[in-house]
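In the UniProt record's numbering, the protein residues as written are 1 to 127.
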């Protein structure tokens, strides 16, 4: 009579392997040294137009865009460049920012209108 011992041995091997991995997980992330992280809080004295930020996003060029209740800001890591209705925004209070495949930055404003930033200027979206 022929008995197949391969399947039970194979199954036993995998069970022992899984148990060994749980019992001896290795050092894992224990090698990574503890690092103290310093965070800076930006506000109006730093150039942000308002401390009320509705939305933020990072574009494909690395700029961080912030939609506030007093305009839109572009942050390069050190300085803020602010845009308001005087620069072409439909409304100073913006709620959402998005980037398209052509690297244009779109702003959804309080009056349900959309405008976009391209080549250093803000353009109104044609209706």
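Every residue, glycine too, gets a C-beta built ideally from N, C-alpha and C. Everything numeric in this text was worked out from a predicted model, so none of it was measured.
Extent of the continuous beta strand (DSSP E) to which residue i belongs
| i | result |
| --- | --- |
| residue 79 | Element bounds for residue 79: n/a, residue is neither H nor E. |
| residue 118 | 114-118 |
| residue 53 | 53-58 |
| residue 121 | 121-124 |
| residue 98 | 94-99 |
Residue i, DSSP secondary structure in three states
| i | result |
| --- | --- |
| residue 15 | helix |
| residue 63 | coil |
| residue 107 | strand |
Selected residue, minimal CA-CA separation from residue i, among the options
| i | options | result |
| --- | --- | --- |
| residue 120 | 50, 83, 52 | 83 |
| residue 91 | 116, 80, 98, 101 | 116 |
| residue 110 | 76, 74, 55 | 55 |
| residue 58 | 114, 106, 49 | 106 |
| residue 96 | 67, 71, 85, 86 | 67 |
| residue 61 | 76, 52, 49, 124 | 76 |
| residue 88 | 47, 46, 44, 122 | 122 |
| residue 43 | 78, 20, 9 | 78 |
(request) Could you tell me whether the region 35-46 touches the region 12-25, where touching means 3 or more Cβ pairs closer than 8 Å? (result) Judged by Cβ distances under 8 Å, the region 35-46 makes no contact with the region 12-25, as fewer than three pairs qualify.
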